[in-house]
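*Asks:* Residue numbers (our numbering), protein chains in the order written: chain G, 1 to 116; chain B, 1001 to 1111. Here a beta-carbon is modelled for each residue, glycine too, at the ideal position from N, C-alpha and C. Please read all numbers here as calculations on a predicted model, not as lab measurements.
Shown next as structure tokens:
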């Protein structure tokens, strides 16, 4: 069973461009979480999605950031008009249960975004 | 969300046991205790979780205090590959499942 896949692994963008980060969950998992890790900082929750629904976006910045998890295909984290402060590692995780206190999240290898 | 407190860093010698402590004095009765670790330049990795009883798996053991206000992750024989940041996280029922990561404990393993 393939693990969580993220691509690209590394992404370089210039200020003002758009960044699209993709996450394919583990087979059979319909719950996806996105986290961001700024340089020298801890992991911060961004958003939790189920197929076609955003369940919890309490950690998403109010502007320029959006996420989706369509019925078919990977989950996408989209950052519009990137700024240098968006440079970070972005991790997605998938889980089979979503929200259950016994649930386990399986993380991908991350996408490292660098904004020039 | 209930908070956890961990030492910033710990050191261990290779092939010796390591005990990583975590305090969670405000834990509620339905909170599970989860441990994840993050190896350098990788995504976090699930280690173990438990509620009240001690738990064992192929990676580690989890010892939970009787009052549940603290727990200890035990690596029975540390290897160089166990050098990582270890996070102790509480997961509450009814939560959306998001993980609240603290600073964790950076474990250094000396050969």
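Output the boundary residues of the beta strand (DSSP E) element that contains residue 1050(B).
*Replies:* It spans 1044-1050 - the beta strand (DSSP E) in which residue 1050(B) sits, taken as one unbroken run.
*Asks:* Using a Cβ cut-off of 8 Å (strictly closer), state whether residue 81(G) contacts chain B.
*Replies:* For residue 81(G), the answer is no, since every Cβ of chain B falls outside 8 Å of its Cβ.
*Asks:* Would you check if the stretch 1073-1085 of chain B and the stretch 1005-1015 of chain B touch, i.e. whether three or more CB-CB distances between them fall below 8 Å?
*Replies:* With a cut-off of 8 Å, the stretch 1073-1085 of chain B and the stretch 1005-1015 of chain B count as touching, because enough Cβ pairs lie within range.
*Asks:* Measure the alpha-carbon distance for residue 18(G) versus residue 1055(B) and round it to whole angstroms.
*Replies:* The alpha-carbon atoms of residue 18(G) and residue 1055(B) are separated by roughly 45 Å.
*Asks:* In the DSSP assignment, the beta strand (DSSP E) including residue 63(G) goes from what residue to what residue?
*Replies:* Element bounds for residue 63(G): n/a, residue is neither H nor E.
*Asks:* Determine the DSSP secondary structure at residue 103(G), reduced to helix, strand or coil.
*Replies:* If DSSP states are grouped into helix, strand and coil, residue 103(G) belongs with coil.
*Asks:* List the DSSP bridge partners of residue 1101(B).
*Replies:* The partner list for residue 1101(B) (beta bridge, DSSP) is empty, contrary to what the question assumes.
*Asks:* Give the C-beta separation of residue 102(G) and residue 1046(B) to the nearest angstrom, bearing in mind that I take them to be a contact with Cβ-Cβ under 8 Å.
*Replies:* Residue 102(G) to residue 1046(B), Cβ: 12 Å. No contact.
*Asks:* Mind checking residue 89(G): buried by the 16 CB within 10 Å criterion, or exposed?
*Replies:* So residue 89(G) ends up on the buried side.
*Asks:* On the premise that residue 33(G) lies in contact with residue 100(G), defined as a C-beta separation below 8 Å, what is that separation, rounded to the nearest angstrom?
*Replies:* Residue 100(G) to residue 33(G), Cβ: 13 Å. No contact.
*Asks:* What are the residues of the stretch 1093-1109 of chain B that lie near chain G, defined by any Cβ-Cβ distance shorter than 9 Å?
*Replies:* Those residues of the stretch 1093-1109 of chain B that come within reach of chain G (Cβ to Cβ, closer than 9 Å) are 1093, 1094, 1095, 1096, 1097, 1098, 1099, 1100, 1101, 1102, 1103, 1104.
*Asks:* Since residue 9(G) and residue 111(G) are thought to touch, with beta carbons under 8 Å apart, how far apart are those beta carbons, to the nearest angstrom?
*Replies:* Contact holds; Cβ gap of about 6 Å.
*Asks:* Can you name the residues of chain G whose CB is closer than 7 Å to the CB of residue 1042(B)?
*Replies:* Going along chain G in sequence order, the residues near residue 1042(B) (Cβ under 7 Å) are 109.
*Asks:* Measuring straight from C-alpha to C-alpha, what distance separates residue 48(G) and residue 64(G)?
*Replies:* Distance between the alpha carbons of residue 48(G) and residue 64(G) is about 17 Å.
*Asks:* Please list the partners that residue 1045(B) has in chain G, where partner means a Cβ-to-Cβ separation under 9 Å.
*Replies:* Those within 9 Å of residue 1045(B) in chain G are 106, 107.
*Asks:* For residue 116(G), does the count of other Cβ atoms within 10 angstroms reach 16, so buried, or fall short, so exposed?
*Replies:* By the 10 Å Cβ count, residue 116(G) comes out exposed.
*Asks:* For the beta strand (DSSP E) containing residue 1084(B), name the first residue and the last one.
*Replies:* Note, residue 1084(B): beta strand (DSSP E), 1084-1091.
*Asks:* Under a CB-based cut-off of 8 Å, is residue 1028(B) close to chain G?
*Replies:* It does not; no Cβ of chain G falls within 8 Å.
*Asks:* Residue 1080(B) by DSSP, collapsed to three states: which one?
*Replies:* Helix.
*Asks:* Based on the DSSP secondary-structure assignment, which residues constitute the bridge partners of residue 7(G)?
*Replies:* BP columns for residue 7(G) point to 22(G).
*Asks:* Looking at the strands, I want to know which residues DSSP matches up with residue 44(G).
*Replies:* Per DSSP, 36(G).
*Asks:* Assign residue 1065(B) to one of two classes, buried (16 or more other C-beta atoms within 10 Å of its C-beta) or exposed (fewer than that).
*Replies:* By the 10 Å Cβ count, residue 1065(B) comes out exposed.
*Asks:* Is the CB of residue 75(G) under 8 Å away from at least one CB in chain B?
*Replies:* Not closer than 8 Å to any Cβ of chain B, the Cβ of residue 75(G) fails to qualify, so no.
*Asks:* Taking C-beta to C-beta, are residue 24(G) and residue 46(G) nearer than 8 Å?
*Replies:* Not in contact: residue 24(G) and residue 46(G) (Cβ atoms no closer than 8 Å).
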